[in-house]
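Asker: So for the sequence shown, my numbering puts the first residue at 326; every next one is plus one.
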Amino acid sequence: MLQMTGIHKAFGQNEVLKGVDFNLKEASVHALMGENGAGKSTLMKILVGIHKKDQGDIKYQNQNIDFKHTQMSEEAGLTFIHQELNIWPELTVLENLFIGKEIRNKFGILNEKQMKKEARSVLEKLNFNISLRKVAGHCSIGEQQMIEIAKALMTDAKVIIMDEPTAALTDKEIKQLFKLIKTLQNEGVSFVYISHRMAEIFEISDQITVMRDGKTVLYKDTHDTNYDEIVKSMVGRALTEQFPERTVTPGDVLMKVNALNNDNHQMSNISFELKKGEILGFSGLMGAGRTEIMRSLFGIDKGHKDIEINGKKVNIKTPEDAMKHSLGLITENRKDEGLILDFTIEDNMVLPSLASFTKNGFVNEKSTRLFTEQMSNRLNIKTKRKALVSSLSGGNQQKVVLAKWIGTGAQILILDEPTRGIDVGAKREIYQLMNELTERGVSIIMISSELPEVIGMSDRILVVHEGKITGQVEGSQISEENIMTLATGGKLHATNIN
Ligand SMILES: Nc1ncnc2c1ncn2[C@@H]1O[C@H](COP(=O)(O)OP(=O)(O)OP(=O)(O)O)[C@@H](O)[C@H]1O
Ligand SMILES: [Mg+2]
Numbered sequence: 326m327l328q329m330t331g332i333h334k335a336f337g338q339n340e341v342l343k344g345v346d347f348n349l350k351e352a353s354v355h356a357l358m359g360e361n362g363a364g365k366s367t368l369m370k371i372l373v374g375i376h377k378k379d380q381g382d383i384k385y386q387n388q389n390i391d392f393k394h395t396q397m398s399e400e401a402g403l404t405f406i407h408q409e410l411n412i413w414p415e416l417t418v419l420e421n422l423f424i425g426k427e428i429r430n431k432f433g434i435l436n437e438k439q440m441k442k443e444a445r446s447v448l449e450k451l452n453f454n455i456s457l458r459k460v461a462g463h464c465s466i467g468e469q470q471m472i473e474i475a476k477a478l479m480t481d482a483k484v485i486i487m488d489e490p491t492a493a494l495t496d497k498e499i500k501q502l503f504k505l506i507k508t509l510q511n512e513g514v515s516f517v518y519i520s521h522r523m524a525e526i527f528e529i530s531d532q533i534t535v536m537r538d539g540k541t542v543l544y545k546d547t548h549d550t551n552y553d554e555i556v557k558s559m560v561g562r563a564l565t566e567q568f569p570e571r572t573v574t575p576g577d578v579l580m581k582v583n584a585l586n587n588d589n590h591q592m593s594n595i596s597f598e599l600k601k602g603e604i605l606g607f608s609g610l611m612g613a614g615r616t617e618i619m620r621s622l623f624g625i626d627k628g629h630k631d632i633e634i635n636g637k638k639v640n641i642k643t644p645e646d647a648m649k650h651s652l653g654l655i656t657e658n659r660k661d662e663g664l665i666l667d668f669t670i671e672d673n674m675v676l677p678s679l680a681s682f683t684k685n686g687f688v689n690e691k692s693t694r695l696f697t698e699q700m701s702n703r704l705n706i707k708t709k710r711k712a713l714v715s716s717l718s719g720g721n722q723q724k725v726v727l728a729k730w731i732g733t734g735a736q737i738l739i740l741d742e743p744t745r746g747i748d749v750g751a752k753r754e755i756y757q758l759m760n761e762l763t764e765r766g767v768s769i770i771m772i773s774s775e776l777p778e779v780i781g782m783s784d785r786i787l788v789v790h791e792g793k794i795t796g797q798v799e800g801s802q803i804s805e806e807n808i809m810t811l812a813t814g815g816k817l818h819a820t821n822i823n
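1. Counting Cβ pairs, one atom from each stretch, are 3 or more of them under 8 Å apart for the region 555-567 and the region 356-363?
2. Rounded to the nearest angstrom, what separates Asn821 and Ala524 at their Cα positions?
3. Kindly indicate which three-state DSSP category Lys642 falls into: helix, strand or coil?
4. Considering only the alpha carbon of each residue, which of Leu457, His790, Ala401 and Met782 lies closest to Thr417?
5. Let me check you understand the geometry: is the CB of Glu558 closer than 7 Å to at least one non-hydrogen atom of ligand 1?
6. Using 8 Å for Cβ pairs, my map puts Gln501 next to Leu410. What's the rounded Cβ distance?
7. Going by DSSP in three states, Ala356 sits in which element: helix, strand or coil?
8. Between Gln408 and ligand 2, is the CB less than 7 Å from at least one heavy atom?
9. If I'm right that Leu585 touches Ser768 with Cβ under 8 Å, what's the distance once you round it to whole angstroms?
10. Are the CB atoms of Met648 and Met674 nearer to each other than 8 Å?
11. For a minimum of 3 consecutive residues, which ranges assigned as the beta strand (DSSP E) are wholly contained in the region 767-807?
12. For Val460, which option in Pro490, Leu419 and Arg445 has the closest C-alpha, if you only look at C-alpha atoms?
13. Just to confirm, are Ala735 and Leu622 a CB contact at a threshold of 8 Å?
14. Which residue from Ser774, Tyr552, Ser678 and Phe682 puts its Cα closest to that of Glu657?
15. Should the region 743-750 be regarded as contacting the region 772-788, the criterion being three or more beta carbon pairs within less than 8 Å?
16. Which residue wins for smallest C-alpha separation from Lys707, given the options Asn430, Lys724 and Glu427?
17. In or out: Val688 buried (at least 16 other Cβ within 10 Å) or exposed?
18. Compute every distance between the C-beta of Lys581 and the non-hydrogen atoms of ligand 2, then say whether any falls below 7 Å.
19. Report, in whole angstroms, the separation of the C-beta atoms of Ile533 and Thr550, which I expect to be a contact under 8 Å.
20. Taking Met580 as part of the beta strand (DSSP E), name the residues at either end of that continuous run.
21. Using the rule of at least 16 other Cβ atoms within 10 Å of the residue's Cβ for burial, across every protein chain shown, is Thr697 buried or exposed?
22. CB-CB under 8 Å to Asn454, same chain, minus the five flanking residues each way: which ones, in chain order?
23. Rounded to the nearest angstrom, how far is the Cβ of Ile406 from that of Asp488, given a contact under 8 Å?
24. Check the Cβ-Cβ distances between Arg445 and every residue of chain B, and say whether any is below 8 Å.
25. Taking the straight line between their C-alpha atoms, what separation do you get for Leu666 and Thr683?
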């Protein structure tokens, strides 16, 4: 039903698409894959009229089309759920769902009753419980994502493009989303599904297209291909095991957290210890309170807590206090807290550690350049260091966030969803970096919703459920089953603990 042929696109000197082909069948789910920066989002933005293509043809339902803006493509039945969410933080959930599409009566007055009715019906389909009056800015990232999905489903779309839709969703929400995709597919809707989560691709997609170096390198029915072939066509080489082996044995206790609370009561009485060189995983369902724990620990949210680092009591009231005591926090929301979009890659990377690059009041340009180049190389960011972060692809922005904290020399690094939206090759590089940091004595707290990642990388895992730590697993106790049991409020049987 949709054919894109020989699509070319350059941003300035940067030739991103060099003749990409993409064919979408009716009532199918089509996975679009490729490394960070491969051009997936750009290709879809061209389709819906956000970017202008330089060359190429697009046929939709047997007609040549060239949408000039998204209003045109929406009218033609194409809806795009963006990787970077487009939520209006000051507006309510209801207002967000109907922005630009408000229902009015014949006198032009908003028909709130009708809007609420339609909104509830979509939210119900998604099995998503949220107050329509809640201010969107107070919603978690996962909730914001669900609002975006609901918004797309309220249109009569024939093609729905989802760019990394599940990065912030829980397993339960993902299941619900997939169920809904299947239902709509049976009704004739087609999906373009962009994701770096390989397991999802095999679960949900019918066809797969892989892009690399500006071209289409693989187009197959999903059941005719496999993990290795996809990874190989994405990164151009075979990848060995996904998680590098841990080489560090954690040392003595470095930080003790006692009776941590926050004033909003999203969690209570959090106590735990972190050892030197340890990777401590925090697992739990979305909304369990993991992010809130870290915000409070880091001094972003107010609340009571007793913290000891190296046997000494420390007082952390603000993020500046936290940094002074060698803590670093990589937040899950890079757009709000992690990056300054209209600064360059280099400025963003060196900003928090500027002091260490400064001598007699002058910034040492050579060392900032070296650091930036080294980080870019390792994390495979191909864009020049002087480019603005706003021009980077979603995944590459995330890499910049990571790089900037690695440079600070923080002794305790808190990573909240560090690999969200990052491609398989760079993910492994990040795991490798985590290992190297712990070899240098750095301790890491990792929050991740991807169970295989927490399991693959953590020395010990604490599980959070409804704002409390419900248990800890270590060594041979570490299993998906045990973690899920604790994450849903259950208890481990004696037989599961050995
Ligand atoms: N508005 C823009 N201005 C300049 N360059 C851009 C712009 N948008 C994207 N690019 C560049 O185009 C290339 C492709 O980016 P795109 O966002 O399409 O990648 P992607 O495949 O979606 O990656 P990811 O998996 O990280 O989301 C990147 O090199 C990026 O820096
Ligand atoms: Mg993208």
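Idealized CB from N, CA, C, for every residue including glycine.
Predicted model, so just to flag it, every value in this text is computed and none were measured.
Answerer: According to the structure shown:
1. As far as the Cβ criterion goes, the region 555-567 touches the region 356-363, which means the pair count is three or higher.
2. Along the sequence shown, read from residue 1 onward, the residue named residue 821 stands at position 496. Along the sequence shown, read from residue 1 onward, the residue named residue 524 stands at position 199. Bear in mind that a pLDDT of 48 at Asn821, under 50, signals an unreliable position, so the number given afterwards is only what the model happens to contain. Distance between the alpha carbons of Asn821 and Ala524: 26 Å.
3. Position 317 of the sequence shown, counted from the first residue, corresponds to residue 642. Coil.
4. To locate residue 417, count along the sequence shown from 1; it is residue 92. Looking from the CA of Thr417, the closest CA among Leu457, His790, Ala401 and Met782 belongs to Leu457.
5. Position 233 of the sequence shown, counted from the start, is the residue given in the question as residue 558. It should be pointed out that residue 558 corresponds to Ser in this sequence rather than to Glu. Shortest gap from the CB of Ser558 to any heavy atom of ligand 1: 7 Å or more.
6. Counting from one through the sequence shown, the residue named residue 501 turns up at place 176. Counting from one through the sequence shown, the residue named residue 410 turns up at place 85. Contact between Gln501 and Leu410 is absent: CB atoms are separated by about 18 Å, not below the 8 Å threshold.
7. Here residue 356 refers to the residue found at position 31 of the sequence shown. DSSP, reduced to helix, strand and coil, places Ala356 within a strand of the structure shown.
8. For the purposes of this step, residue 408 is taken as the residue at position 83 of the sequence shown. Inclusion of Gln408 in the 7 Å shell around ligand 2 follows from its C-beta lying nearer than that to a non-hydrogen atom of the ligand.
9. Position 260 of the sequence shown, counting from 1, holds the residue named residue 585. Position 443 of the sequence shown, counting from 1, holds the residue named residue 768. Leu585 to Ser768, Cβ: 17 Å. No contact.
10. In the sequence shown, counting from the first residue as 1, residue 648 sits at position 323. In the sequence shown, counting from the first residue as 1, residue 674 sits at position 349. Contact flag unset, no.
11. For the region 767-807, whole beta strand (DSSP E) runs of length 3 or above, ordered along the chain, are 768-772, 785-790 and 793-799.
12. The count along the sequence shown starts at 1 and reaches residue 460 at position 135. Nearest of Pro490, Leu419 and Arg445 to Val460, Cα basis: Leu419.
13. On the sequence shown, residue 735 is found 410 positions in, with the first residue counted as 1. On the sequence shown, residue 622 is found 297 positions in, with the first residue counted as 1. Here Ala735 is not near Leu622, since their CB atoms are 8 Å or more apart.
14. Taking the first residue of the sequence shown as position 1, residue 657 is located at position 332. Here the closest residue by C-alpha is Ser774.
15. As far as the Cβ criterion goes, the region 743-750 touches the region 772-788, which means the pair count is three or higher.
16. On the sequence shown, residue 707 is found 382 positions in, with the first residue counted as 1. Ranking Asn430, Lys724 and Glu427 by Cα distance to Lys707 puts Lys724 first.
17. Numbered from its first residue, the sequence shown carries residue 688 at position 363. Exposed: under 16 other Cβ atoms inside 10 Å.
18. Looking up residue 581 in the sequence shown gives position 256. Within 7 Å of the C-beta of Lys581 there is not a single heavy atom belonging to ligand 2.
19. Within the sequence shown, residue 533 is the residue found at index 208, counting from 1. Within the sequence shown, residue 550 is the residue found at index 225, counting from 1. Your pair Ile533 and Thr550 checks out as a contact, with CB atoms roughly 6 Å apart and the cut at 8 Å.
20. By one-based count along the sequence shown, residue 580 stands at place 255. Secondary structure note for Met580: its beta strand (DSSP E) is the uninterrupted segment Val578 to Leu585.
21. The residue labelled residue 697 in the question sits at position 372 within the sequence shown. With 16 or more neighbouring CB atoms inside 10 Å of its own CB, Thr697 falls in the buried class.
22. Reading the sequence shown from its first residue, position 129 is the one you call residue 454. The beta carbon of Asn454 sits closer than 8 Å to those of Leu448, all from its chain and outside the five residues before and after it, given in chain order.
23. Against the sequence shown, residue 406 aligns to sequence position 81. Against the sequence shown, residue 488 aligns to sequence position 163. Yes, Ile406 and Asp488 are in contact; Cβ-Cβ is about 6 Å, under 8 Å.
24. Protein chain content of the structure displayed is limited to a single chain, and chain B is not contained in it.
25. Within the sequence shown, residue 666 is the residue found at index 341, counting from 1. Within the sequence shown, residue 683 is the residue found at index 358, counting from 1. Rounded to the nearest angstrom, the two C-alpha atoms are 23 Å apart.
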